[in-house]
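Colleague:
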Amino acid sequence: MPELAPVAFYLGVVAYSAASTVFFLELWRRDPEKQAGVFGPRLLMLGAAIHAVHVVAASVLSRVCPVESLHFGLSLTALGAVVAYLLLRGRFRLHALGAIVAPLALTFLIGAQFVSTERADAELPRGLLAFHIAANLIGLGVFLVAGGSSALYVLVERRLRQKKLGLSPASSRLPPLEALDRAAHRLLLAGFPLLTLGVVTGAVFTQRVGEAGNVAVFRTVLGYATWGLLATVLLLRQIIGLRGRRAAYGTLAGVACVLLVLLVYAVRGGAA
Amino acid sequence: MIVVVGLSHHTAPIGVREAIALPAEAVPVLLRELCETSVVGEALIVSTCNRVELVAAGKSIDADLTRVAEACAAALCQRAPKIREHLYRHAGGAAVRHLFRVAASLDSLVLGEPQILGQLKQAYDVAREERALGPILNRTLPRAIRVAKRVRTETSIGSGQVSVPSVAVDLARQIFGEFTGRFVMLVGSGEMAETAAKQLRGAGARVVVVGRNLERAEEVARSVDGEGRPWSALGATLAEADVVITSTSATGYVIDYDTVAAARKKRRGQSQFLIDLAVPRDIDPRVEKLDGVYLYNVDDLTAQVKESLSARSREAERAEAIVVNEALGYDRWADAEQATPTIIALRARIRGALDVELSRSLRGRLKHLGEEDRGALLKMVEASVNRVLHGPTLRLRQAATARSPEALSLDQLAAALGELFDLSQGGAMADDADMPVDDEPLPSGPETSQIEAEPPAAGAAATPSKRRAHSEAP
């Protein structure tokens, strides 16, 4: 068991790196008639499986429940993003999004190594804490894919407006605009309840621990603002039919806020 | 080794191409006719709207290609005598290069179009079904297909669309993905607009034609398998339409900014793709500023077509280099094949002599040997032949491909071997004739059977004097 965790980590890095390379190469492949390849998603799937083994082995080794530590939390976020992508890829023709999700998973997997594996807060009830972190991290994983979809939407839409779409071999590999918009919407809908649960449980913790530090206040306010921003995007989509570029910018802003909350949390090591 | 005889859009106008157009059912008939002639051993027919070509090989590896080409030309001219002056004939290396260029779509009317490869594969299948293929075309065609795939993979010769309607449909696909359930509005009529509408209809979209003249709109609608609507329904239809194609002869805008803005509100932010193919323009260009509205006029689309064509032309140079490289590889293989008759004859000669001696021994001093030992002895003889002939085989193939004037030529080596081993007699050695022939034939091993199945052509083994033609036949 002690060797399994590092071996799985390195294998996961190799699989995610290979998947990233394949997705990028496919994007610039010359033959326009060729269908989307299967190697990228398969490598990503393999990477996710190895990644899961790594998380389980490493958490058993360090005797920490994966969802109680930021280290494993970051790792699980990447795993969540990969799983969300693999589930939605076929339905929304999001194959090219793999070129964003695979490097993202790789970054999170490696980045998590620099974060402590200790439990987030020993004084809080473990069950509720696990629920809080799990909801936030799975939500974050889903939001990351939504953010990737929206970023790709902005890119494709800009090329379409500049009349440059179709001028490079990569154009035909990019997902259709409507599919990107729809996928971002569905992912926001899926991630929002999780974010809501995270915010609610976070509020309970803040009250119980009696946090009063500036960072804690900032993080809490930012959490509420993020929730409010994403709720507004979803509401506008529903009420006035907000779609396209503006919706993509809204989603990107929301995902950026979610990442900022995570960053603040990581900087404070989850202690404040 | 092979010839290509035919005509294409380069050499024949459409009237001539029509005269020789081969319907699918005529292809097997012509293939059979060709293979029944005394000179054509293998054949394949590529018949498209832009070309009719016969690819053929002779009955043997060193067949007279001029005669093969003449037989092919005669078969074509018999069907349409007026095509004779439009026919081109390529033989040997030139034919191979031509075939590779055709497969790679470098000889197509639209450079880089993908259909020709499918048509070539289909021609190959038909020829195979008709048993019109042999060792030469069975090696050449797969190689041509491989060259085409290599060209498409390693160059961007097939990238981009090269017609305005195709570019428009491609862009629509970039926005909407699938067209099933999508709504297309065609305003006015025009060849390009109707072609684009037909393509979208074919992809599953619903098409509505709106025109000032309802009768004319319905007529156009019938041609695109759509529905006609009166001019008064323009605003309401616009709100439903995902793709709008306009091509009217109006002098002013028929779809203004306010109409599109109103439609956009009703569409609740759904994307709308407007394709203005009219000159003067039909759609107010300011609509481009609206979120979710994408407007392309004929200049935008033409610019993409030009860019695609120019990109393909640039890529064609790289593709030509691949074709030349592959054709050289084919030449080397084909040259090496020139040594095959000599190798087969030499092998048969040595194996035959050993078989005679072995048979004698097995009836004499070795007659006590059991089946197993006899089998082992046969295997040993076979292995010995392989070992002895390995060097000479390599040397002969090297001589066949050697370009250096100092090196011994295949002709010289083949002549020497023929003289030394009396290969022209094909069977037993001259001195074997003096020996008593009281032997039963040995049981044939797999390689023995192969040798017997491929007897060397008389004279060919000794001197492969008819080298392959490397230039176009007259």
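So the protein sequences, as listed, match chains A and B.
The first sequence begins at 54 in our numbering and counts up one residue at a time.
The second sequence begins at 17 in our numbering and counts up one residue at a time.
Beta carbons are placed, not taken as given, at the ideal position from N, Cα and C, and that holds for glycine.
The model shown is predicted, which means the values in this text are computed figures rather than measured ones.
Any C-beta of chain B sitting closer than 9 Å to the C-beta of residue 275 (chain A)?
Modeller: Not one chain B Cβ lies under 9 Å of residue 275 (chain A).
Colleague: Suppose you measure from the CA of residue 449 (chain B) to the CA of residue 369 (chain B); what does that come to, to the nearest Å?
Modeller: Residue confidence for residue 449 (chain B) is low, a pLDDT of 42 falling below 50, so the modelled location carries little weight; the figure read from the coordinates is stated next. If I take the Cα positions, the gap works out to 11 Å.
Colleague: When Cβ atoms are compared, which residues of the region 270 to 287 of chain B fall closer than 7 Å to chain A?
Modeller: Residues passing the 7 Å Cβ filter: 284, 285, 286, 287.
Colleague: State the DSSP-derived secondary structure class of residue 292 (chain B), mapped to helix, strand or coil.
Modeller: Strand, per DSSP.
Colleague: Within 9 Å (strictly less), CB to CB, does residue 305 (chain A) reach chain B?
Modeller: No, its Cβ sits nowhere closer than 9 Å to a Cβ of chain B.
Colleague: Taking any Cβ of chain A, which residues in the region 189 to 214 of chain B have a Cβ under 9 Å from it, in chain order?
Modeller: The residues in question are 189, 190, 191, 192, 193, 194.
Colleague: Compare the C-alpha of residue 200 (chain B) against each of B:110, B:291, B:182 and name the closest.
Modeller: Measuring from the Cα of residue 200 (chain B), the nearest candidate turns out to be B:291.
Colleague: Is there contact here, the region 162 to 169 of chain A with the region 200 to 208 of chain A, by at least three beta-carbon pairs under 8 Å?
Modeller: Taking 8 Å as the limit for Cβ pairs, the verdict is that the region 200 to 208 of chain A does not touch the region 162 to 169 of chain A.
Colleague: Closer than 9 Å, CB to CB, is residue 150 (chain A) near chain B or not?
Modeller: Judged by the 9 Å Cβ criterion, residue 150 (chain A) is not in contact with chain B.
Colleague: By the DSSP assignment, the alpha helix (DSSP H) with residue 60 (chain B) in it spans what residues?
Modeller: First-last for residue 60 (chain B): 56 to 63, but that is the beta strand (DSSP E), not the alpha helix (DSSP H).
Colleague: Starting from the C-beta of residue 195 (chain A), find all residues in its chain whose C-beta is less than 6 Å away, skip the five residues before and the five after it, and write them out in chain order.
Modeller: 137, 240, 243, 244, listed in sequence order.
Colleague: Can you grab the Cα-Cα spacing for the pair residue 152 (chain B) / residue 20 (chain B), in whole Å?
Modeller: The straight-line gap from Cα to Cα measures roughly 13 Å.
Colleague: With 16 as the cutoff for other CB atoms within 10 Å, does residue 144 (chain A) come out buried or exposed?
Modeller: Its Cβ having fewer than 16 others within 10 Å, residue 144 (chain A) is exposed.
Colleague: Taking the alpha carbon of residue 217 (chain A) as the point to measure from, which residue in B:27, B:317, B:23 has its own alpha carbon closest?
Modeller: Among B:27, B:317, B:23, the Cα nearest to that of residue 217 (chain A) belongs to B:317.
Colleague: Let me check understanding here. Comparing Cα to Cα, which of B:36, B:48, B:59, B:256 lies closest to residue 226 (chain B)?
Modeller: Of B:36, B:48, B:59, B:256, the residue nearest in Cα terms is B:256.
Colleague: Quick one: is residue 310 (chain B) near chain A, going by C-beta distance under 9 Å?
Modeller: Residue 310 (chain B) counts as touching chain A.
Colleague: For residue 219 (chain B), which residues of its own chain have a beta-carbon under 6 Å away from its beta-carbon, when the five flanking residues on both sides are left out?
Modeller: So the qualifying residues of the chain are 195.
Colleague: Can you give the Cα-Cα distance for residue 286 (chain A) and residue 300 (chain A), rounded to whole angstroms?
Modeller: If I take the Cα positions, the gap works out to 7 Å.
Colleague: Could you tell me how far apart the beta carbons of residue 193 (chain A) and residue 135 (chain A) are, in whole angstroms, since I believe they sit closer than 8 Å?
Modeller: Rounded, the Cβ-Cβ distance is 13 Å, inconsistent with contact.
Colleague: Starting from residue 367 (chain B), follow the alpha helix (DSSP H) in both directions and report where the run begins and ends.
Modeller: Per DSSP, residue 367 (chain B) belongs to the alpha helix (DSSP H) from 356 to 379.
Colleague: By the DSSP assignment, the beta strand (DSSP E) with residue 201 (chain B) in it spans what residues?
Modeller: Element bounds for residue 201 (chain B): 199 to 204.
Colleague: Just curious, the beta strand (DSSP E) that residue 301 (chain B) is in, first and last residue?
Modeller: Run containing residue 301 (chain B): none; DSSP gives neither H nor E here.
Colleague: Could you name the residues that DSSP lists as bridge partners for residue 246 (chain B)?
Modeller: DSSP output for residue 246 (chain B) lists B:227 as bridge partner(s).
Colleague: Quick one: which residues of the region 164 to 190 of chain B get their C-beta closer than 9 Å to a C-beta of chain A? List them in chain order.
Modeller: Listed by position along the chain: 165, 168, 169, 170, 171, 172, 173, 174, 175, 176, 177, 183, 186, 187, 189, 190.
Colleague: Roughly how many angstroms separate the alpha carbons of residue 271 (chain A) and residue 313 (chain A), rounded to a whole number?
Modeller: Whole-angstrom Cα-Cα distance: 11 Å.
Colleague: Please list the residues of the region 231 to 243 of chain A that have a C-beta atom closer than 7 Å to any C-beta atom in chain B, keeping them in chain order.
Modeller: So the close ones are 231, 232.
Colleague: Kindly indicate if chain B contains any beta-carbon less than 9 Å away from that of residue 283 (chain A).
Modeller: No - not a single Cβ of chain B is within 9 Å of the one on residue 283 (chain A).
Colleague: Start and end of the alpha helix (DSSP H) containing residue 34 (chain B)?
Modeller: Residues 30 to 36.
Colleague: According to DSSP, simplified to helix, strand and coil, what is residue 538 (chain B)?
Modeller: Given a span of 17 to 490 for chain B in the structure shown, any question on residue 538 (chain B) remains unanswerable.
Colleague: Any contact between the region 237 to 256 of chain B and the region 178 to 188 of chain B? By contact I mean 3 or more CB pairs, one from each, below 8 Å.
Modeller: They do not touch, by the three-pair rule.
Colleague: For residue 112 (chain A), which of helix, strand or coil comes out of DSSP?
Modeller: Helix, per DSSP.
Colleague: Can you name the start and end residues of the alpha helix (DSSP H) that residue 214 (chain A) belongs to?
Modeller: Residue 214 (chain A) -> alpha helix (DSSP H) spans 179 to 214.
Colleague: Name the residue from B:58, B:63, B:55, B:289 whose alpha carbon lies nearest to the alpha carbon of residue 35 (chain B).
Modeller: Minimum Cα distance to residue 35 (chain B) is reached at B:63.
Colleague: Hey, does residue 304 (chain B) have any beta-carbon neighbour from chain A nearer than 9 Å?
Modeller: Output row for residue 304 (chain B): interface = yes.
Colleague: Who are the neighbours of residue 214 (chain A) on chain B, taking C-beta pairs under 9 Å?
Modeller: Near residue 214 (chain A) (Cβ distances below 9 Å), the residues of chain B are 304, 310.
Colleague: Give the DSSP-derived three-state secondary structure of residue 178 (chain B) in the structure shown.
Modeller: Looking at residue 178 (chain B) - three-state DSSP - the assignment turns out to be coil, as it is neither helix nor strand.
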